[in-house]
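Numbered by our numbering, the letters in the sequence shown go through residues 7 to 155 in order. Every residue, glycine too, gets a C-beta built ideally from N, C-alpha and C. Single-structure report; data block below.
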Amino acid sequence: MHRRNFIRSSCTACLSFTVASTFLSGCVATKYISGDIGKNGLTISKDEFKVVQKGGTAYSSFIIVRNDALRYPICIYRINDLEYSALWMQCTHQGAELQASGDVLQCPAHGSEFNNHGKVTTGPAGTDLKTFPVTVNNNELFIDLRKQS
Ligand code: FES
């Protein structure tokens, strides 16, 4: 094989691998659930975060609760098995609905970003997101919608 052909075929293989890797990593679908909303709050199973894969069980870093009883969705982040955060997905700048991308909530309107605890990391928003306390009861999470901070 000539040097030029070798370089061309090697670069094509590398580019194909990079594109395939990027595409596959972006294929992890966001999980939406409606949850079980009661008088005081929302109850969901911790199992909602489980992702069964070849070779074992993994966990999604977040799920989104969309429910007709809620004006905006709530993004629930799994920090670890005992720690979760529940974030109101309304941008604190001008009220647009946020989009979750990994551990970041992004605003499509003007680009504000918030971390998985609801803290502003990029403006123009200047106020953190509303959050709700999350209680872990065995295999269930209770998100208290009466108390927001
Ligand atoms: S409404 Fe979100 S940055 Fe403006």
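Over the uninterrupted beta strand (DSSP E) stretch that includes residue i, give me the two end residues.
| i | result |
| --- | --- |
| residue 62 | 62 to 65 |
| residue 88 | No beta strand (DSSP E) contains residue 88, which DSSP labels as neither H nor E. |
| residue 106 | 105 to 107 |
| residue 55 | Here residue 55 belongs to no beta strand (DSSP E), and DSSP marks it neither H nor E. |
Which word fits residue i, buried or exposed, when buried means at least 16 other C-beta atoms lie within 10 angstroms of its C-beta?
| i | result |
| --- | --- |
| residue 131 | buried |
| residue 106 | buried |
| residue 71 | buried |
| residue 16 | Residue confidence is low: residue 16 scores 49 on pLDDT, short of 50, so the model does not pin down where it sits. Its coordinate-derived value is still stated next. With fewer than 16 Cβ atoms within 10 Å of its Cβ, residue 16 is classed as exposed. |
| residue 155 | exposed |
| residue 40 | exposed |
| residue 145 | exposed |
| residue 38 | exposed |
| residue 98 | buried |
| residue 153 | exposed |
| residue 77 | exposed |
What I want to know is whether the C-beta of residue i ends up closer than 6 Å to one or more non-hydrogen atoms of the ligand FES.
| i | result |
| --- | --- |
| residue 118 | yes |
| residue 100 | yes |
| residue 106 | no |
| residue 113 | yes |
| residue 6 | In the structure displayed, the chain extends from 7 to 155; residue 6 sits before or after that span and is not available. |
Please look up how many angstroms separate the CB atoms of residue i and residue j, rounded, as I've assumed it's under 8 Å.
| i | j | result |
| --- | --- | --- |
| residue 48 | residue 81 | Incorrect: roughly 12 Å between the Cβ atoms, too far for contact. |
The region 77 to 97 / the region 110 to 125 touching (three or more Cβ pairs under 8 Å): yes
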